[in-house]
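Residue numbers (full-length UniProt numbering): 1 to 247. Here the structure is laid out as structure tokens; the discussion comes afterwards.
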Amino acid sequence: VASGAVQCQMLDMTFPGVVPMHKVNFAAKNEYEMIQNYKVMQEVFTKLKITKPLEVNRLVKGRPLDNLEFLQWLKRFCDSINGGIMNENYNPVERRSRGGKEKSIKGSSKVSKSLQTNNTHHTPTVTASSKPTGPKQARSHAIGGGSNSSAEVQALSKELEDLKVSVDVLEKERDFYFSKLRDIEILCQTPELDDLPIVVAVKKILYATDENESALEEAQECLIESLGTEVEEEEGNEEEDEAGTQT
Numbered sequence: 001v002a003s004g005a006v007q008c009q010m011l012d013m014t015f016p017g018v019v020p021m022h023k024v025n026f027a028a029k030n031e032y033e034m035i036q037n038y039k040v041m042q043e044v045f046t047k048l049k050i051t052k053p054l055e056v057n058r059l060v061k062g063r064p065l066d067n068l069e070f071l072q073w074l075k076r077f078c079d080s081i082n083g084g085i086m087n088e089n090y091n092p093v094e095r096r097s098r099g100g101k102e103k104s105i106k107g108s109s110k111v112s113k114s115l116q117t118n119n120t121h122h123t124p125t126v127t128a129s130s131k132p133t134g135p136k137q138a139r140s141h142a143i144g145g146g147s148n149s150s151a152e153v154q155a156l157s158k159e160l161e162d163l164k165v166s167v168d169v170l171e172k173e174r175d176f177y178f179s180k181l182r183d184i185e186i187l188c189q190t191p192e193l194d195d196l197p198i199v200v201a202v203k204k205i206l207y208a209t210d211e212n213e214s215a216l217e218e219a220q221e222c223l224i225e226s227l228g229t230e231v232e233e234e235e236g237n238e239e240e241d242e243a244g245t246q247t
């Protein structure tokens, strides 16, 4: 998902002919290759006047949350265009074969075929009994290839539907927990509770940035420190009461 190739294909399915699929590398593994895919995506965004910013530096890191949020947004965007209905005439395997990696494979196969053709010109004369073998094999391979392609299309279509269901479930789960956090935030903003140590500690966690990994430790220290102060004050009050009683 972090490579950006799947996202490019989702856009290609929603906006046929807009995405230059020959530039998309479905075998991208390192960040440089992934960034090239996101450049293609940015060009498509510019053509379609999509203002959504692409945080490439975060997406190529492969962080689940960042990529999930972007996929959720992209799914909602595509659904708003096509109504959530997949184009039955769209062939993902055929479109994917136009990707950069697949293109190089096709080129090498063409070279091998040309070499085979040249070799046949230099081979001895073939007997009559062996002549029909080639066409029969070619036809059988073509039939087999067609069935395999159809099976791949069905498998990819099912995979896409499963991904949509998974995204829907994750969106509901995200909204559920977000509403919980929002309720906690509203509670912490109550003026009468604003200065309570536990509220201050919770706010430290709520408003911590992604880079601040020590937010929990700071909140715990703040809470422990405030509790220690309260204990000292109570002990001091008890000593004063005892002193007053003795006098």
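Glycine is no exception: its CB is placed at the ideal position from the N, C-alpha and C atoms.
Where residue i falls, given that 16 or more other Cβ within 10 Å makes a residue buried
i	result
Y207	exposed
V169	exposed
N89	exposed
P92	buried
D194	exposed
G4	buried
F178	exposed
N67	buried
K180	exposed
V60	buried
R96	buried
V6	buried
K49	exposed
V19	buried
Cβ shell of residue i (< 7 Å), same chain only, five flanking positions each side left out
i	result
V56	I35, Y38
G62	A2
R182	none
A215	K204, I205, A208
Residue interval of the alpha helix (DSSP H) (run including residue i)
i	result
residue 290	Within the shown structure, residues of the chain are numbered from 1 to 247, placing residue 290 beyond reach of any answer.
L59	56-59
Q33	A quick correction: the sequence has Glu, not Gln, at residue 33. E33 -> alpha helix (DSSP H) spans 31-48.
K52	Element bounds for K52: n/a, residue is neither H nor E.
P92	92-96
K203	197-206
T14	5-14
Neighbourhood of residue i by C-beta distance below 6 Å, restricted to the same chain and skipping five residues each side
i	result
L223	P197, A201
V199	C188, L193
K13	Reading off the sequence shown, one finds Met at residue 13, where the question assumed Lys. The residues are Y90.
N87	none
Spatial distance of residue i from residue j (CA atoms)
i	j	result
K52	L65	17 Å
K106	A151	Because the pLDDT of K106 is 44, which lies under 50, any placement of that residue in the model is unreliable, and the number read from its coordinates should be weighed accordingly. If you take the alpha carbons of K106 and A151, they lie about 20 Å apart.
G228	I186	27 Å
I85	G17	18 Å
R174	M41	26 Å
E94	E161	19 Å
K75	K158	16 Å
E218	R58	26 Å
L163	F176	20 Å
V153	D79	20 Å
Y32	F26	13 Å
residue 260	I184	The structure shown has nothing for residue 260, since the chain only spans 1 to 247.
Contacting residues, own chain, Cβ-Cβ under 8 Å from residue i (five flanking each side not counted)
i	result
E171	Q72
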